[in-house]
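Okay, so the sequence shown: first residue is 2 according to my numbering, each after it adds one.
We put the beta carbon where it would ideally sit given N, CA and C, even for glycine.
These numbers come from a predicted model, not from an experiment.
Report on one structure; see the data block that follows.
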Amino acid sequence: MLLIHLDIIIVFVIFILVLLILSGFVSLCERKVLAIVQLRVGPALFLFGILTPITDGIKLFVKFTLFIIGFDGIYFLFGLSITLFCIFFPWFFLPLGFIILFDKGFSILFLLSIHLVCNVFSVFLVGCFLFSSCFVYLATMRTLFFSIISESALLILLYCFYLLDFYSFFGIKDLCVNQLSLFNCFLLGILFFVTFWITLLCDGMR
Numbered sequence: 002m003l004l005i006h007l008d009i010i011i012v013f014v015i016f017i018l019v020l021l022i023l024s025g026f027v028s029l030c031e032r033k034v035l036a037i038v039q040l041r042v043g044p045a046l047f048l049f050g051i052l053t054p055i056t057d058g059i060k061l062f063v064k065f066t067l068f069i070i071g072f073d074g075i076y077f078l079f080g081l082s083i084t085l086f087c088i089f090f091p092w093f094f095l096p097l098g099f100i101i102l103f104d105k106g107f108s109i110l111f112l113l114s115i116h117l118v119c120n121v122f123s124v125f126l127v128g129c130f131l132f133s134s135c136f137v138y139l140a141t142m143r144t145l146f147f148s149i150i151s152e153s154a155l156l157i158l159l160y161c162f163y164l165l166d167f168y169s170f171f172g173i174k175d176l177c178v179n180q181l182s183l184f185n186c187f188l189l190g191i192l193f194f195v196t197f198w199i200t201l202l203c204d205g206m207r
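Here it is in structure tokens:
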């Protein structure tokens, strides 16, 4: 029994590491596109800048020292810890092959709740307690206002998306079972593609 849980933990640790690497290469692709638009070379470390995300990640963890007047490190580290927890913890609710660790019937609702906490509470904690400047407060309130508006619209969109084929809005197992139908895969595949790009647009604008 212990070996089974150890295998699952190893799989998800590898999964999180791959997720971090892919996030770094997404940022590399974004920088390359911006460089092409501005007629620049962009990141050029090794082959087409392929080592740039790895070196940026190493510098991020090695040189993580901030010297700011009025800085309170406890609130900042607590906000970062909540953000990292909210980013990585929902992956344990997603099916990896036939493995679903924490599916208790309310997976999708819990995922959306964690997503809201990550986007609202962490920004509020870091922005309002890190600096003592009124401009930082105004920027934080603006970010929170736009986050609440965009998240509310996306929740309504996802709700309509799940109700279209009578999916359960709470369990992710029902979603996986209903995707076995060819009609559901075709129709909701197109809707998921559109929803995915709308989500990317909203997050990018924010």
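When the beta-carbon positions are compared, G80 and L126 come within less than 7 Å of each other. The shortest CA-to-CA distance from F16 to any of E31, L35, F89 and S28 is the one to F89. If you ignore the 5 residues before and after F26, its C-beta comes within less than 7 Å of the C-beta of P54, all in its own chain and listed in chain order. In the structure shown, I149 falls within a helical segment according to DSSP collapsed to helix, strand and coil. Nearest Cα to F86 within the set C135, I75 and V118: V118. Within 10 angstroms of the beta-carbon of S123 lie 16 or more other beta-carbons, which makes it buried. For I150, the closest alpha carbon among the candidates L139, K60 and N120 is that of N120. Look at L81 here: in three-state DSSP terms it is helix.
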